[in-house]
C-alpha cells in the first residue's frame with residue numbers, strides 16, 4: 331500500500347488530485363491510501379511519519395509549503411515530497427528540503443501520472459528499508475535502522491547516535507533491545523546497544539563503533555562476541 335498525504339488549500343485542486351490518485355491506483359492496480367490536509371499548519375501539527383509521498387501546494391495560508399517541508403524534514407527525512415505550484419522558481423527552493431520533484435499548475439492527468447509514477451517507483455524500491463521512530467520532547471523522528479550506530483543509556487535518558495545526528499529521549503533500554511533484536515543489534519554492556527553492522531573492530535575490551543570506543547563489559551563479552559561473529563559469518567556467505 332502507498333500512503334499519500336495531500337496538502338492543498340484550493341478545494342478544486344485538491345479534489346482533482348484525489349481523483350487523479352484514484353485513477354492512477356485503478357490503472358496500476360495499486361492500493362493507495364490518501365489523507366487530505368487543507369494547509370501547511372494541518373499537516374505539520376502533530377505530524378506522524380507514516381506517509382510514503384506528500385503532494386504539497388507551495389502557496390498555502392498559515393504555513394507555506396516550503397516552510398512546512400522544512401518542518402517535516404526535521405521529523406521525517408525519508409518521505410518523498412512533491413511540490414505543486416504555478417510558479418516554477420519554487421523549484422530552486424525545493425532543493426533545500428530535498429524535494430523529489432514539482433508539478434506545475436494547472437494540473438493535467440498525464441504529466442501528473444508521470445511525475446507521481448516516478449515517486450511510486452522509488453517507494454517500491456525502498457519499501458524493504460526498515461525504519462525506527464524515536465519519540466522526542468518536541469515531536470518525533472523517523473530514522474532508517476541501518477543509520478543507527480548505537481544507543482546509549484544514561485540514567486533514564488536514551489541517546490541515539492545516528493547518521494543524522496544525536497537524539498535524546500526517555501525510555502528503557504530493555505524495550506529498545508527487544509524491538510531491535512531482529513535487526514542485528516547487541517548489547518556490549520548495560521549502557522550500550524550496538525548496531526553490529528557499524529562495528530569497526532574489537533580492541534581488547536573495547537568495541538570501536540563508527541569511530542567511537544565503547545567498553546565491553548565482562549558479563550556481556552561472550553554474548554556480544556558471539557553475536558558479532560554470527561553477524562559477520564552470515565554476511566560472508
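In our numbering, the protein residues as written are 331 to 567. Note that beta-carbon positions come from the ideal geometry of N, C-alpha and C, so glycine has one too.
Short of 6 Å in beta carbon distance, which residues of its chain neighbour residue 406, apart from the five on each side in sequence? Order them along the chain. 379 and 472
If I'm right that residue 390 touches residue 369 with Cβ under 8 Å, what's the distance once you round it to whole angstroms? 5 Å
Work out the CA separation of residue 462 and residue 412 for me, nearest whole Å. 23 Å
Please specify which runs of the alpha helix (DSSP H), each continuous and at least 4 residues long, are wholly inside the region 366 to 423, giving them in chain order. 370 to 374 and 395 to 405
Quick check on residue 430: does DSSP put it in helix, strand or coil? coil
From what residue to what residue does the alpha helix (DSSP H) around residue 343 run? 341 to 358
Should residue 335 be flagged as near chain B, meaning a C-beta pair shorter than 8 Å? The displayed structure is made up of one protein chain only, and chain B is not part of it.
Close-in-space but distant-in-sequence residues of the same chain around residue 445 (CB under 6 Å, 5 per side omitted): 431 and 433
Helix, strand or coil for residue 557 per DSSP? helix
From the DSSP output, read off the bridge partner residues of residue 517. 523
Excluding the 5 residues preceding and the 5 following residue 475 in the sequence, name in chain order all residues of the same chain whose CB lies nearer than 6 Å to its CB. 460, 462 and 513
Does the Cβ of residue 440 have 16 or more other Cβ atoms within 10 Å, making it buried, or fewer, making it exposed? exposed
If you follow the beta strand (DSSP E) that residue 537 is part of, which residue opens it and which one closes it? 536 to 539
Neighbour-count burial assignment, residue 541, 16 or more Cβ in a 10 Å radius: exposed
Output needed for residue 494: all residues of its chain with C-beta closer than 7 Å, excluding positions within five of it in sequence on either side, in chain order. 407, 473 and 477
Specify, as a first and last residue, the run of the alpha helix (DSSP H) that residue 460 falls within. Premise fails: residue 460 is in no alpha helix (DSSP H) and is neither H nor E.
For residue 482, which beta-bridge partners are listed by DSSP? 489 and 522
Do you know how far the Cα of residue 521 is from the Cα of residue 550? 11 Å
CB of residue 526 within 8 Å of CB of residue 557, strictly: yes
I believe residue 337 touches residue 398 by the beta-carbon criterion, under 8 Å. Please report the beta-carbon distance rounded to the nearest angstrom. 7 Å
Tell me, which residues are paired with residue 335 by DSSP? 365 and 384
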